[in-house]
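Novice: My structure is below; once you've seen it, I'll send some questions.
Number of protein chains: 2
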Amino acid sequence: MPVTQPTDPADSAAALWDALLPARVRVVEVGPRDGLQNLEAFVPTETKVALVDGLVGLGFDRIEAVAFVHPLAVPQMRDAEDVMRAVRRHAVRFMALVPNRRGTERAVACGVDMLNFVISASESFNRANLNQSITESLAALAQSMPPAREAGIAMRMTLSTSFGCPYEGEVDPGRVVAIARRGVEIGCGEICLGDTTGMANPRQVYHLFRELAHVLPTGTERAVHLHNTRGSGAANLMAALQAGVTTFDASIGGLGGCPYAPGATGNVSTEDMVAMLHGMRIDTGVDLPRLIAAARAAEGMLGVHLPGQIIRARGM
Amino acid sequence: MPVTQPTDPADSAAALWDALLPARVRVVEVGPRDGLQNLEAFVPTETKVALVDGLVGLGFDRIEAVAFVHPLAVPQMRDAEDVMRAVRRHAVRFMALVPNRRGTERAVACGVDMLNFVISASESFNRANLNQSITESLAALAQSMPPAREAGIAMRMTLSTSFGCPYEGEVDPGRVVAIARRGVEIGCGEICLGDTTGMANPRQVYHLFRELAHVLPTGTERAVHLHNTRGSGAANLMAALQAGVTTFDASIGGLGGCPYAPGATGNVSTEDMVAMLHGMRIDTGVDLPRLIAAARAAEGMLGVHLPGQIIRARGM
Numbered sequence: 001m002p003v004t005q006p007t008d009p010a011d012s013a014a015a016l017w018d019a020l021l022p023a024r025v026r027v028v029e030v031g032p033r034d035g036l037q038n039l040e041a042f043v044p045t046e047t048k049v050a051l052v053d054g055l056v057g058l059g060f061d062r063i064e065a066v067a068f069v070h071p072l073a074v075p076q077m078r079d080a081e082d083v084m085r086a087v088r089r090h091a092v093r094f095m096a097l098v099p100n101r102r103g104t105e106r107a108v109a110c111g112v113d114m115l116n117f118v119i120s121a122s123e124s125f126n127r128a129n130l131n132q133s134i135t136e137s138l139a140a141l142a143q144s145m146p147p148a149r150e151a152g153i154a155m156r157m158t159l160s161t162s163f164g165c166p167y168e169g170e171v172d173p174g175r176v177v178a179i180a181r182r183g184v185e186i187g188c189g190e191i192c193l194g195d196t197t198g199m200a201n202p203r204q205v206y207h208l209f210r211e212l213a214h215v216l217p218t219g220t221e222r223a224v225h226l227h228n229t230r231g232s233g234a235a236n237l238m239a240a241l242q243a244g245v246t247t248f249d250a251s252i253g254g255l256g257g258c259p260y261a262p263g264a265t266g267n268v269s270t271e272d273m274v275a276m277l278h279g280m281r282i283d284t285g286v287d288l289p290r291l292i293a294a295a296r297a298a299e300g301m302l303g304v305h306l307p308g309q310i311i312r313a314r315g316m
Numbered sequence: 001m002p003v004t005q006p007t008d009p010a011d012s013a014a015a016l017w018d019a020l021l022p023a024r025v026r027v028v029e030v031g032p033r034d035g036l037q038n039l040e041a042f043v044p045t046e047t048k049v050a051l052v053d054g055l056v057g058l059g060f061d062r063i064e065a066v067a068f069v070h071p072l073a074v075p076q077m078r079d080a081e082d083v084m085r086a087v088r089r090h091a092v093r094f095m096a097l098v099p100n101r102r103g104t105e106r107a108v109a110c111g112v113d114m115l116n117f118v119i120s121a122s123e124s125f126n127r128a129n130l131n132q133s134i135t136e137s138l139a140a141l142a143q144s145m146p147p148a149r150e151a152g153i154a155m156r157m158t159l160s161t162s163f164g165c166p167y168e169g170e171v172d173p174g175r176v177v178a179i180a181r182r183g184v185e186i187g188c189g190e191i192c193l194g195d196t197t198g199m200a201n202p203r204q205v206y207h208l209f210r211e212l213a214h215v216l217p218t219g220t221e222r223a224v225h226l227h228n229t230r231g232s233g234a235a236n237l238m239a240a241l242q243a244g245v246t247t248f249d250a251s252i253g254g255l256g257g258c259p260y261a262p263g264a265t266g267n268v269s270t271e272d273m274v275a276m277l278h279g280m281r282i283d284t285g286v287d288l289p290r291l292i293a294a295a296r297a298a299e300g301m302l303g304v305h306l307p308g309q310i311i312r313a314r315g316m
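As C-alpha cells, this is what we get:
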C-alpha cells in the first residue's frame with residue numbers, strides 16, 4: 001500500500017498564496033431585492049416578508065431586503081415600506097437600494113441600517129436604467145447625502161456594469177475608479193463593484209480591485225457584487241478575495257436572472273459561495289445548514305427553480 | 001465628468017498575481033465519455049459519433065470519446081469500438097478511459113492516441129466502482145503498461161475522488177500523492193486529479209497540486225478534472241492554474257451529472273471555462289463561437305437540458 005507523504009514545509013509560494021486569502025469575510029444577502037426584482041409576477045408582501053424572515057439570524061452581515069425606487073419603474077418593489085415594516089429586525093443590518101433623494105428619504109423613514117446608492121459605470125446602461133447621465137446620478141447621490149447623514153445612516157455606492165456593459169461592451173477601468181473616487185468624496189464609506197450581467201473575468205476583477213485599493217482613501221470598504229451568468233462567478237469571487245475584498249453580495253439559491261431563460265442565473269448563490277469559503281477555512285459567520293434549508297424553502301415559497309448547485313447535490 | 005485615472009505601475013503584488021497564471025492551457029473535452037456515461041437511456045452510436053464529430057477541429061488538445069469498460073458495468077459504453085471506428089480522426093488526439101489490461105488492449109486495437117487509466121484515491125470508492133482495492137488497481141495498471149508501451153501510446157493516470165469521497169468524506173492528500181508517485185513509477189507521464197463529486201475547494205486544489213509538483217519527477221504533466229456539483233468548479237480551476245496546472249478536462253455544456261437531479265451538474269462546462277480563460281487572455285487554442293454552437297447543438301442532439309451558463313446567456 002502507498003504510504004502517506006509529508007507536505008513540503010519549504011513551499012514559500014504556497015504560503016504566499018494562503019496569505020492572499022482573508023480569514024473572515026462579510027456576506028450581504030441580496031436575494032430579496034436583486035433576486036425578486038427580476039421576477040415578472042408580483043410576489044405578495046407576506047411572501048417577501050417570509051423570505052426575509054427566513055434569512056434573519058443566519059449570520060449575514062446585512063440583508064438587502066428592498067429597493068426604494070419608483071413603483072412604475074420596478075413594480076415588484078412597490079411594497080418596500082410594507083416589507084420593511086413587517087420584517088423581523090433582529091441581529092442583522094438591513095440595507096436598502098436607493099437611486100435618488102426621494103428613495104433615500106423613504107428608506108430613512110423606514111429606519112434602514114444602511115443605504116445602497118446604485119450608479120452604472122456605463123453611460124448607456126445608466127441612461128437605460130435611470131434615464132440619467134452618470135454626472136446627473138452623481139449629483140443625485142450628493143443630494144441624497146444630507147438626509148442620510150442627518151439620520152446617521154451609512155451610504156454605500158454600488159457601481160453596476162463595472163466589468164462590462166451589455167450595450168457598450170468593455171468598460172474603461174479608469175472611469176470606474178474615477179466614479180468610485182467621486183463617490184467617496186461625496187461621502188460613501190463603501191464602494192461596491194457590480195458585475196451586473198456576469199461579464200467579468202477573474203483577471204479583470206483582481207486588477208480593478210487592486211487599483212481601487214491604491215486610489216481610494218484608507219478605510220474605504222471595497223465590496224463585490226457578482227453574477228454567474230457565464231459560469232465564472234465563483235472564480236471571480238476568488239480573484240476579488242485575493243485582491244483584498246472582504247465583503248461580497250450573494251443571492252440565496254442564486255435567485256435572480258432572467259425568468260425566461262432557465263439556467264441563466266443571476267447573482268452568485270449564497271449557499272454555494274459560503275460552502276466554498278468554509279471549505280477553505282474562511283469564516284463567514286453564516287450558519288450553512290440553516291442557509292441551505294432556507295434556500296430550499298425559498299424555492300417552494302416562490303415556486304421557482306433556483307440555479308444554486310448545492311441545494312441539488314446529494315448528501316447535502 | 002470623471003476623468004480616466006492611470007493604473008499604478010508600481011503594484012508588484014499585481015504583477016506577481018499575473019505571473020501565477022499560464023499563457024496557454026490545454027483543454028481535454030470529456031463530454032462524450034464522462035457526460036454520456038451517466039445518462040440512463042442508451043445513446044445510439046450514430047448520435048455519439050455526431051456529438052464527437054461536432055467537437056473535432058474546434059482546437060481541443062484531446063477528446064475523450066469512449067471508455068473501454070465491461071459492457072455490463074457501463075452499458076452506455078458498450079459500443080466503444082463502433083464509435084472509435086466511425087469518428088472523424090482529424091487534428092485532435094483521441095483519449096480513451098481504461099480500467100484494466102483488457103480495456104487497454106481494446107483501446108490499442110482501436111488506435112487511440114492516449115490512454116486514461118482511472119483509479120480512485122479512496123478505497124471505498126475504488127471498491128464500489130471497480131470492485132478492487134487500490135493495490136489491485138495499481139497492479140492492473142502495471143499489467144496494462146506492456147501493450148500500451150508496445151503500441152507507443154502514452155498513459156495518463158486519473159485519480160478520482162482526490163479531493164473528497166462520497167463514502168469516506170475527506171481523502172488524505174498524502175495518499176493521493178503516494179498513489180500518483182506510484183503511477184509515474186509504473187510509467188504514466190501525466191497525473192490527473194479528479195474531483196469526481198464536486199467536493200473540492202480552491203485552497204485544497206491549490207495545495208495538492210503544489211505538493212504534486214514537488215514530489216513528481218520533472219516533466220510529469222499534471223492535469224485536473226473538475227465537477228461543478230457544488231458550484232465551485234470555476235474557482236477550483238483558477239486555483240489549479242495558479243498552482244501551475246496547464247491541462248484540464250471539461251465537458252461540453254457541462255454534460256453529465258445525475259439525470260434525476262436537474263441542475264446538479266457534472267463536469268465544468270467547456271465553453272464557460274474557455275470563455276473565462278479567453279477573457280483573461282489565456283490561450284486555449286479552442287474556437288469559442290464554434291464551441292458554443294456545438295454545445296447548443298449537443299442539447300438538441302441528446303434531448304437534454306445542459307447546465308452550462310453561456311449557452312443561455314443573451315447576446316452570446
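Here the protein sequences line up with chains G and C, keeping their order.
One point on numbering: in my numbering, the residue at position 97 of the first sequence is 97, and numbering is uninterrupted.
One point on numbering: in my numbering, the residue at position 203 of the second sequence is 203, and numbering is uninterrupted.
Note that CB positions come from ideal geometry on N, CA and C, so glycine has one too.
How should R281 of chain G be labelled, buried or exposed, when 16 other C-beta atoms within 10 angstroms of its C-beta is the threshold for buried?
Specialist: So R281 of chain G ends up on the exposed side.
Novice: Does any C-beta atom of chain C lie closer than 9 angstroms to the C-beta of I139 of chain G?
Specialist: Note on residue identity: the sequence assigns Ala, not Ile, to residue 139 of chain G. Chain C contact via Cβ: absent.
Novice: Check the Cβ-Cβ distances between V268 of chain C and every residue of chain G, and say whether any is below 9 angstroms.
Specialist: Closer than 9 angstroms: yes.
Novice: Can you tell me the Cα-Cα spacing of R305 of chain G and T229 of chain G, whole angstroms?
Specialist: Position check: residue 305 of chain G holds His in this sequence, whereas Arg was assumed. Spanning the two alpha carbons is a distance of roughly 16 angstroms.
Novice: Tell me the DSSP secondary structure of N267 of chain C in three-state form.
Specialist: The answer is strand: DSSP assigns N267 of chain C an E or B state.
Novice: Under three-state DSSP, which class holds D11 of chain C?
Specialist: It is coil, neither helix nor strand.
Novice: Within its chain, find whatever has a CB closer than 8 angstroms to the CB of M93 of chain C; leave out the 5 residues flanking it on each side and keep chain order.
Specialist: Here residue 93 of chain C is Arg; the residue named in the question, Met, does not match the sequence. For R93 of chain C, where only same-chain residues beyond five positions count, the Cβ hits under 8 angstroms are D61, R62, I63, D113, M114.
Novice: Does any residue of chain C bring its CB to less than 9 angstroms from the CB of D195 of chain G?
Specialist: With 9 angstroms as the cut-off, D195 of chain G does not count as an interface residue toward chain C.
Novice: In the DSSP assignment, what are the bridge partners of T247 of chain G?
Specialist: Answer by DSSP bridge pairing, in chain order: G:R26, G:A223.
Novice: Can you confirm whether Q309 of chain G, when its beta carbon is compared against all beta carbons of chain C, has any partner nearer than 9 angstroms?
Specialist: Answer yes: the Cβ-Cβ gap between Q309 of chain G and chain C drops below 9 angstroms somewhere.
Novice: For H225 of chain G and D195 of chain G, which I take to be in contact (beta-carbon distance under 8 angstroms), what is that distance rounded to the nearest angstrom?
Specialist: Indeed they touch by this definition, with Cβ atoms about 7 angstroms apart.
Novice: Using the Cβ count rule (16 or more neighbours within 10 Å means buried), how would you classify G285 of chain G?
Specialist: The residue in question, G285 of chain G, is exposed, as its Cβ has fewer than 16 Cβ neighbours within 10 Å.
Novice: Given a cut-off of 9 angstroms on the beta-carbon distance, is the pair A180 of chain G and M155 of chain G in contact?
Specialist: No. Outside cutoff.
Novice: Starting from the C-beta of V171 of chain C, find all residues in its chain whose C-beta is less than 8 angstroms away, skip the five residues before and the five after it, and write them out in chain order.
Specialist: Counting only Cβ-Cβ distances below 8 angstroms, and skipping sequence neighbours, we find A121, S122, T161, S162, F163, G164, C165.
Novice: Helix, strand or coil for M157 of chain C? Go by DSSP, reduced to three states.
Specialist: Strand, per DSSP.
Novice: Straight-line CA distance for D287 of chain G to A15 of chain G?
Specialist: Using only the alpha carbons, I get a separation of about 28 angstroms.
Novice: For H90 of chain G, count the other beta carbons within 10 Å of its own beta carbon; 16 or more makes it buried, fewer makes it exposed. Which is it?
Specialist: Result: exposed.
Novice: Less than 9 angstroms separating the beta-carbons of W17 of chain C and Q204 of chain G?
Specialist: In this structure, Q204 of chain G does not lie closer than 9 angstroms to W17 of chain C by Cβ.
Novice: Report, in whole angstroms, the separation of the C-beta atoms of G254 of chain G and T265 of chain G, which I expect to be a contact under 8 angstroms.
Specialist: 5 angstroms between Cβ atoms; contact.
Novice: Does the distance from the C-beta atom of M145 of chain G to that of G174 of chain G stay below 9 angstroms?
Specialist: Not a contact, by the Cβ cut-off of 9 angstroms.
Novice: Counting only Cβ-Cβ distances shorter than 9 angstroms, please list the residues of the region 217 to 238 of chain C near chain G, keeping chain order.
Specialist: Per Cβ criterion, the list reads N228, T229, R230, G231, S232, G233, A234, A235, N236, L237, M238.
Novice: Going by beta carbon distance, what residues of the same chain come within less than 7 angstroms of V215 of chain G, once the five residues before and after it are set aside?
Specialist: The residues are V177, R181.
Novice: Just list the residues that DSSP pairs N116 of chain G with in beta bridges.
Specialist: Answer is G:L97, G:R156, bridged to N116 of chain G.
Novice: Is there a C-beta anywhere in chain G that falls below 9 angstroms from the one on P6 of chain C?
Specialist: In this prediction, P6 of chain C has a pLDDT of 43, which is less than 50 and means its spatial position is unreliable; nothing more can be read from the coordinates.
Novice: Return no unless some Cβ of chain C is closer than 9 angstroms to the Cβ of L16 of chain G.
Specialist: With 9 angstroms as the cut-off, L16 of chain G counts as an interface residue toward chain C.
Novice: Label P307 of chain C either buried or exposed according to how many other C-beta atoms from any shown protein chain fall within 10 Å of its C-beta, with 16 as the threshold for buried.
Specialist: When all chains shown are included, P307 of chain C counts as buried.
Novice: Hey, does D272 of chain C have any beta-carbon neighbour from chain G nearer than 9 angstroms?
Specialist: It does; some Cβ of chain G falls within 9 angstroms.
Novice: What is the DSSP secondary structure of L193 of chain G, counted as helix, strand or coil?
Specialist: It is a strand residue.
Novice: Output yes if chain C places a C-beta closer than 9 angstroms to the C-beta of L20 of chain G; else output no.
Specialist: With 9 angstroms as the cut-off, L20 of chain G counts as an interface residue toward chain C.
Novice: Can you confirm whether A73 of chain G, when its beta carbon is compared against all beta carbons of chain C, has any partner nearer than 9 angstroms?
Specialist: False, the Cβ-Cβ gap to chain C never drops below 9 angstroms.
Novice: If the criterion is Cβ atoms closer than 9 angstroms, does the pair I119 of chain C and L138 of chain C meet it?
Specialist: It is a contact, given that the beta carbons lie within the stated cut-off.
Novice: Rounded to the nearest angstrom, how far is the Cβ of Q143 of chain G from that of R101 of chain G, given a contact under 8 angstroms?
Specialist: Contact flag correct, Cβ pair sits at about 5 angstroms.
Novice: With a 10 Å radius around its C-beta and 16 neighbouring C-beta atoms as the bar for buried, classify T218 of chain G as buried or exposed.
Specialist: Answer is exposed; the Cβ neighbour count stays below 16.
Novice: Could you tell me which chain C residues have their CB closer than 8 angstroms to the CB of R203 of chain G, listed as they occur along the chain?
Specialist: Here the neighbours are D18, L21, G279, M280, R281.
Novice: For a test of the three-state rule: what should DSSP assign to G231 of chain G, helix, strand or coil?
Specialist: G231 of chain G falls in the coil class under three-state DSSP.
Novice: Buried or exposed, going by whether 16 or more other CB atoms sit within 10 Å of the CB of P75 of chain C?
Specialist: Looking at its Cβ environment, which holds fewer than 16 other Cβ atoms inside 10 Å, P75 of chain C is exposed.
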